[in-house]
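Visitor:
Numbering (the working numbering), first residue to last: 361 to 934.
1) Does the stretch 404–412 come close enough to the stretch 459–477 to have 3 or more Cβ pairs within less than 8 Å?
2) Mind checking residue 389: buried by the 16 CB within 10 Å criterion, or exposed?
3) Are the CB atoms of residue 577 and residue 549 nearer to each other than 8 Å?
4) Assuming residue 575 is part of the beta strand (DSSP E), what are its boundary residues?
5) May I have the straight-line CA-CA distance separating residue 715 from residue 733, to the nearest angstrom?
6) Hey, quick one: how far does the beta strand (DSSP E) through residue 503 stretch, first residue to last?
7) Do residue 698 and residue 649 come within 8 Å of each other at the CB atom, strictly closer than that value?
8) Inspect the beta-carbon positions of residue 634 and residue 604 and report whether they are closer than 8 Å.
9) Of the residues 740, 702 and 394, which one's Cα is nearest the Cα of residue 690?
10) Buried or exposed: where does residue 454 fall if 16 or more other Cβ atoms within 10 Å of its Cβ makes it buried?
11) Buried or exposed: which applies to residue 479, given that a residue is buried once 16 or more other Cβ atoms fall within 10 Å of its Cβ?
12) Let me know if residue 593 comes out buried or exposed under the rule of 16 or more other beta-carbons within 10 Å of its beta-carbon.
13) Which residues bound the beta strand (DSSP E) around residue 696?
14) Just how far apart, CA to CA, sit residue 379 and residue 514?
15) Taking one C-beta from the stretch 705–715 and one from the stretch 666–674 each time, how about it: are there three or more such pairs within less than 8 Å?
16) Nearest-angstrom Cα distance between residue 437 and residue 488?
17) If you count every other CB in all the chains shown that lies within 10 Å of the CB of residue 609, and 16 or more means buried, which is it?
18) Using a 10 Å radius around the Cβ and a threshold of 16 neighbouring Cβ atoms, would you call residue 569 buried or exposed?
19) Could you have a look at residue 850 and say whether DSSP puts it in helix, strand or coil?
20) According to the neighbour-count rule (16 or more other Cβ atoms, all chains shown, within 10 Å of its Cβ), is residue 376 buried or exposed?
21) Nearest CA to the CA of residue 412: which residue from 443, 435, 422 and 628?
22) Within 10 angstroms of the Cβ of residue 814, are there 16 or more other Cβ atoms? Answer buried if so, exposed if not.
23) Count the other CB atoms, across all protein chains shown, that sit within 10 Å of the CB of residue 659; report buried if there are 16 or more and exposed otherwise.
24) Can you have a look at residue 753 and say buried or exposed, based on whether 16 or more other CB atoms are within 10 angstroms of its CB?
25) Grab the span of the beta strand (DSSP E) containing residue 471 for me, first residue to last.
26) By the DSSP assignment, the alpha helix (DSSP H) with residue 624 in it spans what residues?
27) Take the Cβ of residue 661 as the centre, count every other Cβ of all protein chains shown within 10 Å, and call the residue buried at 16 or more, exposed below.
28) Measure how close the beta-carbons of residue 664 and residue 629 come, nearest whole angstrom, since I'm counting them as under 8 Å.
29) Taking all protein chains shown into account, do 16 or more other C-beta atoms lie within 10 angstroms of the C-beta of residue 763, making it buried, or fewer, making it exposed?
30) Are the beta-carbon atoms of residue 490 and residue 445 separated by less than 8 Å?
31) Between the alpha carbons of residue 779 and residue 787, how many angstroms are there, rounded?
32) List the whole-angstrom C-beta distance separating residue 482 from residue 430, where the pair is believed to meet the contact cut-off of C-beta under 8 Å.
33) Need the endpoints of the beta strand (DSSP E) that residue 540 sits in, please.
34) Could you tell me the alpha carbon to alpha carbon distance between residue 500 and residue 696, rounded to whole angstroms?
35) Pick from 547, 460 and 475: whose alpha carbon is nearest that of residue 397?
36) Measure how close the beta-carbons of residue 750 and residue 724 come, nearest whole angstrom, since I'm counting them as under 8 Å.
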């Protein structure tokens, strides 16, 4: 029996292939790979080179949960990601796919290979850029122009897709996911410098899916003069956790699934989880609202009409004028706002909690004294239980330097309260963001601290952020006001994914008063609410692959050690 099992395993591994692309490798160009013939477990390894790869392609094939199809950049000597540039790019002649003008790398929707969807796909360690007008490419119709809403990575119909440690920039949309997709994990990426000048219809990311999780990502400002939002989403089963999101017309625009009744009817549509994030609002950056939750299509019956769980976030606004934390589209939208640090650089009365409508339950947050319910007329309800902590400063390590961890003596330490029962067990706060695109386990040290970071007297080891060459971006200083009501809608949706939160069957919540007691958190990859292979980025053991170029967002650096005493904390990578 042992021998037979061994034969099966070896046969399974041998069937997978590794296709190496780059200088001195088997394939000089990305288009030399037979993308239409990839099989479950195959890996395409794109090696860094000094010149960008000016190529574009579709992934229209199917992996398996235990054998995903992996497209991995192999980093350069300084940790540089290989660059895929849409300017003057060419498409492999044997590929024929829908909406060729809409993406540089596209997932799903092809005639050759003949497949509507693609499944169990991992894309990691690649910088994808310049899918935008006025650039052009050469494809099945010869020389062609990009669409205004072209995305660096466009998931048209993808199921169980992971996009990890990529850079998406200088495109109409950095990332676009259509509503036919399900089971999407976006982690450890840098997304910035996207959009179109003078337009509010294109965004750093624009997504609609049945089950999508954003974690450990760094979102920077859009391109100069671009009026889109930073993270705009129309999904069911939306989780936004442990990210750094800075700038945009709004940092988060979480609205209705305007083109998909399947998503509207999905039971997860009415619960949205936003926690452990750092949200930074620059002065003059478009709309003064940080988060919009509800809808913008005008069809109010399709609005989210549920609960936004907004907790343990650190919100920092440097606006000299008014800041509004939430816009809830109607009084049928409700927000549970707890354990956050909500800090404005201006006077406290420059902070309004809501725009006008909606129901807000406010408990155990840090705010400046003098905050107001609304800067306009309040037509909704604010239930403030009087437990908020107020002061001149929340006590950051270095506010000017954007070190928003808590300093010793901060009034936010141990001032949190228990999480809402509806977020447990899947959405306990077990990680925290590490600048940039990395994570560590959140220490357990008595009651929860307020905000995205737990203070720990003993230094927790941090994950090294690697040496990725992201390049930075210009800040759009004078963006327009509110985005128009409608955006280019994605196609119809497919079936829903199953839930796999990666937590034990019986949830044992951490005892915040006892540092030695922590429930089993999600695994080090931050297992999402969608099925993701245990090590989706690792090809088969005997596929003769080189080191994964360090496999994850940190370039393979070794995590720091656990604290020797005091808080219970340990570093992990996403």
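Yeah, the Cβ is synthetic: ideal placement off N, Cα and C, and Gly gets one too. Computed from a predicted model, the values in this text were never measured in an experiment.
Guide: Based on what the coordinates show:
1) no
2) exposed
3) yes
4) 565–575
5) 8 Å
6) 502–505
7) no
8) no
9) 740
10) exposed
11) buried
12) buried
13) 694–698
14) 22 Å
15) no
16) 19 Å
17) buried
18) buried
19) With a pLDDT of 36 at residue 850, under the threshold of 50, the modelled position of that residue is not reliable, and the figure given next carries that caveat. Residue state, collapsed to three classes: coil.
20) buried
21) 443
22) buried
23) exposed
24) exposed
25) 470–472
26) 621–625
27) exposed
28) 7 Å
29) exposed
30) yes
31) 9 Å
32) 4 Å
33) 533–547
34) 50 Å
35) 475
36) About 12 Å; that fails the 8 Å criterion.
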